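Beneath this line is the structure, given in structure tokens, with notes to follow.
Numbering (this note's numbering), first residue to last: 4 to 393.
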């Protein structure tokens with residue numbers, strides 16, 4: 004891993020010298036408006052790796068084995084109330100049999116889910132290991148492994164669906180247990196009972212209460228499992244999307260930017276260019292102030308500018324410091340030359356900005372959190388794309 008980070012630093016330094024720079028001489032400007040933090044060449048940005056990249060396990064499933072305690076047997080008393088107690092005891096026994104089956108099914112689902120998660124993480128770890136040592140863009144071996152990882156992740160989604168279905172059946176049994184508890188308590192009011200009937204009713208009520216508590220615990224643990232697994236699978240889908248971009252470029256990134264963004268960004272109304280498309284002004288009124296230093300400057304001064312890793316590092320760090328941050332993406336074209344050349348430069352700059360926006364969305368950043376605009380500059384020697392934090 005250390006070797007990989009060193010290569011990342013060298014690549015970042017190379018980008019600073021050619022097609023892509025992070026705020027000129029700085030790593031990136033602070034989000035509160037202070038002077039930007041200076042960085043020496045080759046300084047590395049600490050990026051939290053994805054769950055699969057860290058080799059960690061997915062969220063732990065519940066481990067409780069829900070064993071029912073059979074109802075306490077009783078002797079017939081020959082009364083109507085005694086017969087009612089026997090019927091309620093048989094109903095409880097059938098309910099407990101259903102709960103025992105649900106518990107067996109739950110344990111099976113958990114075991115299968117753990118195995119499927121291990122297979123998925125093994126596949127993703129193999130992809131990350133290959134990317135860390137370096138590989139060719141669009142390596143077909145990695146593409147096949149990515150397809151396999153996607154299928155394995157969908158299998159985990161199927162496991163969640165099975166657990167949800169099981170939870171619905173347990174919820175139905177929970178309603179039945181609550182009804183049985185009410186029926187048991189109501190039996191105290193029946194006439195024609197002897198003392199033994201009420202003694203057995205007391206014992207039966209305790210048995211039903213224990214079953215009600217057991218079912219509630221079962222439902223709560225299953226709900227926690229479903230919630231954690233659903234969030235986990237959702238995050239891993241975002242990570243797979245980012246991993247697909249890494250395979251395409253042959254470069255290792257971290258986890259999806261979507262997993263670092265928790266609060267929705269509000270795009271102010273009345274900005275030039277709106278939420279998508281390009282406006283006529285270089286800096287929207289709700290965007291960065293005039294003279295603000297960009298987070299990233301990408302200079303498209305040659306074909307096939309490799310900007311993805313530096314862009315990911317900068318945006319990821321910005322979201323770590325301020326998860327609700329949104330961004331302004333400005334297409335800056337040079338106005339040197341005649342009217343025809345200026346128009347061509349503007350078109351090319353906008354296409355470059357659209358390409359950068361697609362890269363950001365591939366990395367998991369919601370498009371709604373990026374505002375596009377365009378500007379022309381006489382100071383720029385060529386077309387550039389600037390990214391600002393708002």
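All C-beta atoms, glycine included, are put in the ideal place defined by N, C-alpha and C.
Computed from a prediction, not measured in an experiment: that's the story for all the values here.
* **C-alpha distance - residue 348 paired with residue 363, whole-angstrom precision** => By 1-based counting over the chain shown, the position of residue 348 is 345. By 1-based counting over the chain shown, the position of residue 363 is 360. Cα to Cα, the separation comes out at about 23 Å.
* What is the rounded straight-line gap between the Cα of residue 302 and the Cα of residue 387? -> By 1-based counting over the chain shown, the position of residue 302 is 299. By 1-based counting over the chain shown, the position of residue 387 is 384. For residue 302 and residue 387, the distance between alpha carbons rounds to 5 Å.
* So, is residue 144 buried or exposed, given that buried needs 16 or more other C-beta atoms within 10 angstroms? -> Locating residue 144 in the chain shown gives position 141, where the first residue counts as 1. Per the 10 Å Cβ criterion, exposed.
* So residue 246 and residue 149 are in contact, right, with Cβ under 8 Å, and what is the actual spacing, rounded? -> Translated into positions along the chain shown, residue 246 becomes position 243. Translated into positions along the chain shown, residue 149 becomes position 146. Sure, about 6 Å apart at Cβ, within 8 Å.
* Asked: Where do the N-terminal and C-terminal ends of the beta strand (DSSP E) with residue 391 fall, by residue?
  -> Here residue 391 is taken as the residue at index 388 of the chain shown, counted from 1. Judged by DSSP secondary structure, residue 391 falls within the beta strand (DSSP E) whose first and last residues are 387-392.
* State the start and end residues of the unbroken beta strand (DSSP E) segment that holds residue 382. => In the chain shown, counting from the first residue as 1, residue 382 sits at position 379. No beta strand (DSSP E) holds residue 382; DSSP gives it neither H nor E.
* Helix, strand or coil at residue 337 according to DSSP, with G and I counted as helix -> On the chain shown, position 334 is the one that residue 337 refers to. If DSSP states are grouped into helix, strand and coil, residue 337 belongs with the strands.
* To do: With DSSP collapsed to three states, give me the class of residue 302.
  => Along the chain shown, read from residue 1 onward, the residue named residue 302 stands at position 299. Strand, per DSSP.
* Asked: So is residue 191 buried or exposed if we call it buried at 16+ other beta carbons inside 10 Å?
  -> Taking the first residue of the chain shown as position 1, residue 191 is located at position 188. In the assembly as shown, residue 191 is an exposed residue. Its beta-carbon has fewer than 16 other beta-carbons within 10 Å.
* To do: Would you mind working out which of 79, 254, 390 and 338 sits nearest residue 298, comparing C-alpha positions?
  => For the purposes of this step, residue 298 is taken as residue 295 along the chain shown, with counting starting at 1. The shortest C-alpha separation from residue 298 is found at 390.
* Are the CB atoms of residue 155 and residue 123 nearer to each other than 7 Å? -> Mapped onto the chain shown, residue 155 falls at position 152. Mapped onto the chain shown, residue 123 falls at position 120. Contact: yes.
* Asked: On the premise that residue 238 lies in contact with residue 140, defined as a C-beta separation below 8 Å, what is that separation, rounded to the nearest angstrom?
  -> The residue labelled residue 140 in the question sits at position 137 within the chain shown. The residue labelled residue 238 in the question sits at position 235 within the chain shown. About 26 Å; that fails the 8 Å criterion.
* State the DSSP-derived secondary structure class of residue 115, mapped to helix, strand or coil. => One-based indexing of the chain shown puts residue 115 at position 112. For residue 115, the secondary structure class from DSSP, reduced to helix, strand or coil, is helix.
* To do: Buried or exposed for residue 66, please, with buried defined as at least 16 other CB atoms from any protein chain shown within 10 angstroms of its CB.
  => Working through the chain shown from its first residue, we reach residue 66 at position 63. By the C-beta density criterion, residue 66 is exposed, having fewer than 16 other C-beta atoms within 10 angstroms.
* Asked: DSSP puts residue 330 in a beta bridge; with which residues?
  -> As a working mapping, residue 330 is identified with position 327 in the chain shown. When DSSP reads this structure, residue 330 sits in a beta bridge with 373 and 392.
* Asked: By how many angstroms is the C-alpha of residue 69 removed from the C-alpha of residue 2?
  -> One cannot answer for residue 2 here, as it falls past the ends of the chain, which runs 4 to 393.
* Please check the pair residue 366 and residue 248, which I expect to be a contact at CB under 8 Å, by giving their CB distance rounded to whole angstroms. => Numbered from 1 along the chain shown, position 363 holds the residue referred to as residue 366. Numbered from 1 along the chain shown, position 245 holds the residue referred to as residue 248. Between residue 248 and residue 366 the Cβ distance is about 6 Å, and since that is below 8 Å, they are a contact.
* To do: Can you give me the Cβ contacts of residue 351 inside the same chain, cut-off strictly under 6 Å, excluding the 5 residues immediately before and after it?
  => Locating residue 351 in the chain shown gives position 348, where the first residue counts as 1. Within the same chain, residue 351 has close Cβ partners 386.
* Output the boundary residues of the alpha helix (DSSP H) element that contains residue 155. => Indexing the chain shown from 1 puts residue 155 at position 152. Where residue 155 is concerned, the enclosing alpha helix (DSSP H) stretches over 143-189.
* To do: Answer yes or no: do residue 377 and residue 334 have a C-beta to C-beta separation smaller than 7 Å?
  => On the chain shown, position 374 is the one that residue 377 refers to. On the chain shown, position 331 is the one that residue 334 refers to. In this structure, residue 334 lies closer than 7 Å to residue 377 by Cβ.
* To do: Work out the CA separation of residue 119 and residue 355 for me, nearest whole Å.
  => Looking up residue 355 in the chain shown gives position 352. Looking up residue 119 in the chain shown gives position 116. In this structure, the alpha-carbon of residue 355 lies about 41 Å from that of residue 119.
* To do: At 4 residues or longer, and completely inside the segment 216-244: list those alpha helix (DSSP H) runs for me, N to C.
  => DSSP runs (the alpha helix (DSSP H)) wholly in the segment 216-244: none.
* Cutoff 7 Å; reference residue 233; Cβ partners in own chain excluding five residues on either side -> Looking up residue 233 in the chain shown gives position 230. A distance below 7 Å between beta-carbons, with the five flanking residues on each side excluded, links residue 233 to the following residues of its chain, in chain order: 163.
* Between the Cα of residue 136 and the Cα atoms of 319, 331 and 250, which residue gives the shortest distance? -> Taking the first residue of the chain shown as position 1, residue 136 is located at position 133. Scanning 319, 331 and 250 for the CA closest to the CA of residue 136 turns up 250.
* Given 8 Å, three or more beta-carbon pairs between the segment 190-210 and the segment 106-115 -> As far as the Cβ criterion goes, the segment 190-210 does not touch the segment 106-115, which means the pair count is below three.
* Asked: The alpha helix (DSSP H) spanning residue 66 covers which residue range?
  -> Looking up residue 66 in the chain shown gives position 63. According to the DSSP assignment, residue 66 belongs to no alpha helix (DSSP H), since it is labelled neither H nor E.
* Alpha carbon of residue 209 to alpha carbon of residue 74, nearest angstrom -> In the chain shown, residue 209 corresponds to position 206, counting from 1. In the chain shown, residue 74 corresponds to position 71, counting from 1. Rounded to whole angstroms, residue 209 and residue 74 show a C-alpha spacing of 9 Å.
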